[in-house]
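Inspection log for the structure reproduced underneath, given as structure tokens.
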Amino acid sequence: MNQDERLIQTIQLLEEKKQIKQEELMNYFNISKDTARRDILKLLEQDLAERTKGGIKLPVIKQQLTDYQNRLITHSFEKETLTKKAHHLIQENQTIWLDVSTTVELLGKEKTFNNTLFVTNSVDNAVRYSENKNNVYLLSGYYQPDSHLLTGPMIISQLNHFHFDIAFIGASGVSKEGIFFDELDDLELHQQLKQQAKKVVLLVDSTKINQTTSFKINWENIDLLVTNQTLPNEIQNELLEHNIQIISE
């Protein structure tokens with residue numbers, strides 16, 4: 001096995017184990033200490049690994065990308081089942097907001113929407129939807145590499161210049177009390193979307209039901225909830241009380 005082949009396998013091992021000791025590489029490939037050291041130096045020079053005591057680890061940016069990809073894969077069947085229920089909501093000649101959400105991203109999987117403009121602050125959404133030859137406008141702001149989004153006060157300012165036919169949003173969780181998010185910035189963004197959109201549609205898979213986090217907006221900020229299973233009665237009753245439509249199993 002030559003060095004290039006070993007390096008490819010080493011990167012695969014790093015993606016699985018996150019970090020590897022030099023001695024592990026020696027045993028795995030049956031190579032000398034000097035050969036293992038040269039392999040490690042090669043990976044470090046190409047920014048494909050970071051040094052640890054006695055070995056190497058996955059770089060931070062690579063780890064963040066792997067984590068995001070894992071979130072996209074997790075419960076993908078449930079998410080795709082859910083998004084199929086929402087496809088019909090998108091029509092030609094509309095302007096659509098796309099939230100930073102793996103579920104919202106899957107809404108555009110292998111799908112082309114004619115004469116429709118998609119606006120987002122998610123780099124992943126921009127890539128996914130443009131790959132399918134959709135028209136995409138990516139808002140500008142501060143880049144957060146862990147979640148691949150653009151954020152900051154400029155995002156809210158730019159939103160004021162758009163009028164959306166539909167805003168598709170995700171959430172970290174929902175309960176009888178409302179809709180929950182991980183970040184404080186999410187509150188202002190989603191409250192602003194309610195002012196800028198004719199209809200706000202929340203896409204939430206079954207794993208988010210009855211989950212809460214630190215930051216909450218009220219049910220009044222959405223018009224329609226789409227999910228992949230029947231909601232608990234207490235949440236259904238709350239939605240009906242607020243005249244929110246439900247598309248479920």
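Take the sequence shown: its position 62, counted from the start at 1, is 62 in full-length UniProt numbering, and no numbers get skipped.
Glycine included, every Cβ here is placed at the ideal spot set by N, Cα and C.
### Message
Comparing C-alpha positions only, which one of 228, 188, 195, 98 sits nearest to residue 205?
### Response
228
### Message
Given this structure, state the Cα-to-Cα distance separating residue 237 from residue 207, to the nearest angstrom.
### Response
20 angstroms
### Query
Buried or exposed: which applies to residue 41, given that a residue is buried once 16 or more other Cβ atoms fall within 10 Å of its Cβ?
exposed
### Query
Between which two residues does the beta strand (DSSP E) carrying residue 151 extend?
149–151
### Task
For residue 167, name the three-state secondary structure that DSSP assigns.
strand
### Task
Assign residue 6 to buried or exposed, taking buried as 16 or more other Cβ atoms, counted over all protein chains shown, within 10 Å of its Cβ.
buried
### Task
Please say whether residue 166 and residue 96 have beta carbons closer to each other than 7 angstroms?
yes
### Message
Between residue 49 and chain B, is the shortest Cβ-Cβ distance under 7 angstroms, so that the two count as touching?
### Response
In the structure shown, chain B cannot be found, because there is only a single protein chain.
### Query
Does DSSP classify residue 80 as helix, strand or coil?
helix
### Message
Buried or exposed, going by whether 16 or more other CB atoms sit within 10 Å of the CB of residue 128?
### Response
buried
### 8 angstroms CB neighbourhood of residue 116 in its chain, flanking five on each side removed
90, 91, 92, 93, 94, 95, 96, 134, 135
### Message
Using the three-state DSSP reduction, which class does residue 188 fall into: helix, strand or coil?
### Response
helix
### Message
Could you give the first and the last residue of the continuous beta strand (DSSP E) run that contains residue 106?
### Response
Here residue 106 belongs to no beta strand (DSSP E); instead the alpha helix (DSSP H) covers 102–106.
### Message
By the three-class DSSP mapping on this structure, what secondary structure does residue 50 have?
### Response
strand
### Query
Does DSSP put residue 19 in a helix, a strand or coil?
strand
### Query
Hey, quick one: how far does the alpha helix (DSSP H) through residue 236 stretch, first residue to last?
233–241
### Limits of the unbroken beta strand (DSSP E) element including residue 208
No beta strand (DSSP E) holds residue 208; DSSP gives it neither H nor E.
### Query
Would the beta-carbon of residue 200 fall within 7 angstroms of that of residue 194?
yes
### Query
If residue 9 and residue 55 are in contact, beta carbons under 8 angstroms, what's the gap, nearest whole angstrom?
At roughly 15 angstroms, the Cβ-Cβ gap does not stay under 8 angstroms, so residue 9 and residue 55 are not in contact.
#### Entry: DSSP three-state assignment for residue 64, whether helix, strand or coil
With a pLDDT of only 49 at residue 64, under 50, the local geometry of the prediction cannot be trusted, and the value read off the model is given with reservation. Three-state result, residue 64: helix.
### Query
Would residue 4 be called buried (16 or more neighbouring beta carbons within 10 Å of its own) or exposed?
exposed
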